Every structure is written in C-alpha cells, then in structure tokens.
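Below you'll find the structure, written out as structure tokens, and then a few comments.
Number of protein chains: 2
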Amino acid sequence: MLSAGLPQGAVPRLERPGPLRDRVYEALLELITTRALRPGQHLVESELAGHLGVSRQPVREALQRLNTEGWVDLRPAQGAFVHEPTEEEADQLLTVRTLLEAEAARLAAANASSAGIAVLEELCEEGERAVAAEDVDATVACNARFHGKVMELAGNAVLAELAAQVDRRVRWYYTPIARQRGRQSWIEHRKLIAAITERDEQAATRLMREHTEHTRRSYHARAES
Amino acid sequence: MLSAGLPQGAVPRLERPGPLRDRVYEALLELITTRALRPGQHLVESELAGHLGVSRQPVREALQRLNTEGWVDLRPAQGAFVHEPTEEEADQLLTVRTLLEAEAARLAAANASSAGIAVLEELCEEGERAVAAEDVDATVACNARFHGKVMELAGNAVLAELAAQVDRRVRWYYTPIARQRGRQSWIEHRKLIAAITERDEQAATRLMREHTEHTRRSYHARAES
DNA sequence: GCGCCGTAGACTGTAGACGAAAGACAATCA
DNA sequence: TGATTGTCTTTCGTCTACAGTCTACGGCGC
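Sequence lines, in order, name chains A and B.
Count along the first sequence from 1, add 5, and you get the number used in this note's numbering.
Count along the second sequence from 1, add 5, and you get the number used in this note's numbering.
Okay, here's the thing in structure tokens:
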C-alpha cells in the first residue's frame, strides 16, 4: 500500500497553483474589499492584466465572476465598474444576513456535535482575548471564524454558500464605519453557545437574530452621523 | 425637439442582441433545465461552440457563470460537467427556499400596495383556470410568476436575487418527479393573499412556510418511491 | 496471462490579434 | 456664440493559435 510508505504530511502535494482565473479573482476581491479599488472606479481589463502580469483572458473571467456575485457591475461594451453600495442595498443585505444566520443558528442547535460546540467555546475565548488586547483585526477575523463555524455546524452547504457571499459583502459595507462593538458582541456569542448546547432551537434563532440586528442598528446609527 | 417628430412607439429601439456570452448562457441553461444535457455529462467547449455557431470564448464565460451558480461543476484541466443533484443537496435547497420565501411573504405583508395585491389576485385566478384546464405547463409558469410577484412586493432586491437562483434550481430538481399538486397549492395561495391583505406578517410567514414545506414533503415522498 | 510503462490523442488554459462600439474633442456651420 | 457633426482614441467583444495537462490505449516485461 502506498500510503503506508508515504506519510500523509510528508508529501507536499505538489503545489499546483490552481487556475489562474481563481488567483486573479482572489486578488481583485482583495483589492476591492481593502478599498484599493474604489467604488465606481472603472476597471480596465488590459490595465489589470498588465498590473497582475497575466493576459486579459483570466482577468475577464474573474470579472465575470465578480459580476455575478455583485462586486462589480459589467456595463455592456463599456467595461467593469466597482459596485457602488447604496444605503438601501446595505439594509437589504443586512436583512438577508440576519435571516440566514438565524436559520444557521437554529440548525446548529439541532445538529451540533459536542466536539463542534467545544470549538465554538474555543473561538469565543480567543475572541475575548483579542478584545481585551484591543487587537481589532484579530477580533474581526475571529468573529468571522465564529460565524463560519456556526454555519458549518448547521450542516447545510447551500445555506453556507449563500451566507458566505452575503457576509463578505456585508463586511465590505460595514467595516469602514464600525470596527468596534467588540465586548457586547462576544457576550452575545456566549449566550448563543449556551442555547446551542441546550439544543434550544428557538432561543438560538432568537439570539442570533438579535445579535445580527444589533450590528444592523449600529450600522444605521453610524450611517446617519 | 427630436422626440416631437418621432413618436415613442414608432422607434423600435434598434434591437441589439446583447453580449454573446449572455445568450450562450441562456441557451445552455435552457438545455440543462430541459435535460437535453444530462447530469454528469461532460460538456466539451469546442463541441458546444460548434453547435451554437460561436467560438470557444463566449462558451467558456457562460460555463464560468453556470459554475458559480451551481449548474455545472468545473474540474480543473478536465472541463465542465453538468452538476449531479444529490438527495442531500435537494433537501438543503428546499430548506433554504422555504426560508427565503417565508421571509418574502412577511415583507410582502408589511409592504405590499393594494395595486400589488390586486395583481396577486389576478395571477391566482389565472392559475386556478390553468389547473381547471389541466394545462400543466401554464400552471407551473403561473406558479413561478405568483411567487415572483410576492418576492417583488417584498421589495428586497438582494433577497429576490438569491431566491430566484434557488428557485430555478429547486424547479430543476423538482420538475421531473412532481408536476402535479395543483389544486391544493392554489388554495394555499389564496390564504396567503388574505394574510398579506390584512398585513398579518406572522400569518403570511407561517402560510408560506407551510406551503413550501408541502412541496418539500411531496418531493421526499416521490424520491422514496 | 497480468500488470506497468510509454506514447498518442484530446481537451483545457492562456496568450495575442483583429474588428466594432462608445465617448471625447475639435472643427464647421447656422 | 451655440449646436452639430465628423473624426479619433480608447476599450471591449470575439476569434484564432499555441502550450500544458489529463486520459486512454497499446506494447513490453515479468
């Protein structure tokens, strides 16, 4: 048997840099979310291609994908423009996010294994440490991982896919105006874990709904100021 | 003034056949949903290109989009394969659909104008006529329009977009095994309209949830036989 | 006869080139 | 002086060509 002679970790799995279009996609998404590319900006294919050191083709394919996912608008015969978020759209996204996350919490309460719950606890502690250390980036990252884990425990791949897309866009809208709201958030996470542990679907739904609604309200509070 | 000399309706607006990739996308989606292309089938770019009378490029871009939307699986260096639905995935899709539709019903109850409600009534009558005439295609089409209208009345574009995607895929899974379930469905639609008219968000949510759950159960009943 | 290796074919991934549409600017005419 | 039109540049949309990679089949050794 081959696997006996070759320990799993020892084989570097022959690093094959996946399809170029995917890497271009990642790169562009990074540039957009970090605001290196501003909303409304005209993305010229040949420019991007030259900048990334590839031909136009992979850039085009990446732009197509970004278009279907709502990151750029593709005007026919004119090119790609970074999508401009509107107040209304942000609100709608937050509504949908609340919906998806709440359902994920319910399913997680129904299906989560004790091992999974342990992971949640762990992430929660990590997040609280990050808050205590006032490490904003770590807090945000940990928050994302926490929600991602809840989604994973829900065990619904379709739901997870949609939520991932919505979440990233929400974060794009949300990040620049409200990177705080740390401590309270993790208290709510704790309560959510308790509900999931007790298999209380209703409580889990309610808590997650309130949790995401909080961030929504704080979004609006900021937007008005 | 130009518009004075040229009556609005008289100018045919010069029908410009949109981007080729979009038409290829539509064509392929049609072929997939009608099962002309079977699940698991290997889609060879050059074949499709030749068959549709275009070059490989637009075909590639259409396949990319179909991939992100879950219609085909793109295996690196191997090509595109029509996605094979699994039982588990169908169930997950139905779950998500229930969720999205129920929320749409709630929002519709909250926001619908009386004009919008009138349209719903109209569609409902049309659907009932189609059922009475045992016109299956018309019934299915009308059902789609009814749900689409509810989604429109909800006034959440993001939600509508997600629901549209999920719905089409659900229909793909669902169509071959259960094109009936007509009469009961429209009775439920009537109840839903009543709830929306009375601005009863809770009832609208509950009715829509039960409604979509019915189709889900009938799916499973079929799947087992 | 069975299994492994090498080769050939096919298909995808990427690059480069050409034609066409849209926008900008300047020249012309009323 | 203002509007209009013609041209010019830029950029997209599409096509064709080439290189890399995977699969399948046939030959060779055991």
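Even glycine gets a Cβ: it sits at the ideal position worked out from N, Cα and C.
Fair warning: this is a prediction, and the values are worked out from it, not measured in the lab.
Asked: Using a Cβ distance threshold of 8 Å, determine whether the region 210-229 of chain B contacts the region 102-117 of chain B, with at least three qualifying pairs required.; Found: yes
Asked: Looking only at DSSP bridge pairs, what is Gly-23/B linked to?; Found: In DSSP, Gly-23/B forms no bridge with anything.
Asked: If the criterion is Cβ atoms closer than 8 Å, does the pair Gly-45/A and Leu-112/A meet it?; Found: no
Asked: In chain B, which residues lie less than 9 Å from Leu-36/A when you measure between Cβ atoms?; Found: Ordered by position in chain B, no residue passes the 9 Å Cβ test against Leu-36/A, which lies about 19 Å from the chain.
Asked: Would you say Glu-74/A faces chain B, with C-beta separation under 8 Å as the test?; Found: yes
Asked: Taking all protein chains shown into account, do 16 or more other C-beta atoms lie within 10 angstroms of the C-beta of Val-16/A, making it buried, or fewer, making it exposed?; Found: Interpretation of Val-16/A is limited by its pLDDT of 38, a score under 50 that renders its predicted location unreliable; the figure taken from the coordinates is listed afterwards. Exposed, by the Cβ-count rule.
Asked: With 8 Å as the threshold, decide whether the Cβ of Leu-167/A is near any Cβ in chain B.; Found: yes
Asked: Determine the DSSP secondary structure at Arg-150/B, reduced to helix, strand or coil.; Found: helix
Asked: Going along chain B, which residues have a C-beta under 7 Å from Leu-104/A?; Found: Leu-104, Glu-108
Asked: Within its chain, find whatever has a CB closer than 8 Å to the CB of Leu-98/A; leave out the 5 residues flanking it on each side and keep chain order.; Found: Val-171, Arg-174, Val-175, Tyr-178
Asked: Where do the ends of the beta strand (DSSP E) carrying Leu-79/B lie?; Found: 77-80
Asked: With DSSP collapsed to three states, give me the class of His-47/B.; Found: strand
Asked: Would you report the Cα separation of Glu-166/A and Ala-54/A, rounded to the nearest angstrom?; Found: 29 Å
Asked: When you compare the CB of Pro-81/A with every CB in chain B, is at least one pair closer than 8 Å?; Found: yes
Asked: Using the rule of at least 16 other Cβ atoms within 10 Å of the residue's Cβ for burial, across every protein chain shown, is Ile-198/A buried or exposed?; Found: buried
Asked: With 16 as the cutoff for other CB atoms within 10 Å, does Gly-58/A come out buried or exposed?; Found: exposed
Asked: Closer than 8 Å, CB to CB, is Glu-89/A near chain B or not?; Found: no
Asked: Below 8 Å between beta carbons: does that hold for Ala-85/A and Arg-26/A?; Found: no
Asked: Is the shortest distance between the beta-carbon of Glu-31/B and the beta-carbons of chain A less than 8 Å?; Found: no
Asked: Given Val-101/B, which residues of its chain have a CB within under 6 Å of its CB, disregarding the five upstream and five downstream residues?; Found: Val-171
Asked: Using a threshold of 8 Å, state whether the C-beta atoms of Ala-143/A and Ala-135/A are closer than that.; Found: yes
Asked: Quick one: residues in its chain with C-beta nearer than 6 Å to the C-beta of Asp-78/A, no 5 flanking neighbours on either side, listed in chain order?; Found: Phe-86, His-88
Asked: Compute the Euclidean distance between the alpha carbons of His-47/B and Arg-221/A, then round it to the nearest angstrom.; Found: 45 Å
Asked: Asn-161/A touches chain B at which residues, Cβ-Cβ below 8 Å?; Found: Gln-97, Thr-100, Val-101
Asked: Whose C-beta lies closer than 7 Å to the C-beta of Glu-126/B among residues of the same chain, with five residues either side of it excluded?; Found: Ile-198
Asked: Who are the near neighbours of Arg-195/A in its chain, counting only those whose CB is closer than 7 Å to its CB and skipping five residues on each side?; Found: Cys-129
Asked: How big is the Cα-Cα spacing for Gly-75/A and Glu-133/A?; Found: 33 Å
Asked: Name the chain B residues whose beta carbon is nearer than 9 Å to that of Leu-164/A?; Found: Gln-97, Thr-100, Val-101, Leu-104
Asked: Would you report the Cα separation of Arg-28/B and Val-49/B, rounded to the nearest angstrom?; Found: 18 Å
Asked: Looking at Ala-95/A and Leu-158/A, is the spacing between their C-beta atoms short of 8 Å?; Found: no
Asked: Along the chain, where does the alpha helix (DSSP H) that runs through Gly-121/B open and close?; Found: 119-137
Asked: From which residue to which residue does the beta strand (DSSP E) around Val-87/A run?; Found: 84-87
Asked: Which of the three DSSP states, helix, strand or coil, is assigned to Val-64/B?; Found: helix
Asked: Taking just the CA atoms, how far does Pro-24/A sit from Ala-32/B?; Found: 26 Å
Asked: With DSSP as the reference, label Ala-41/A as helix, strand or coil.; Found: coil
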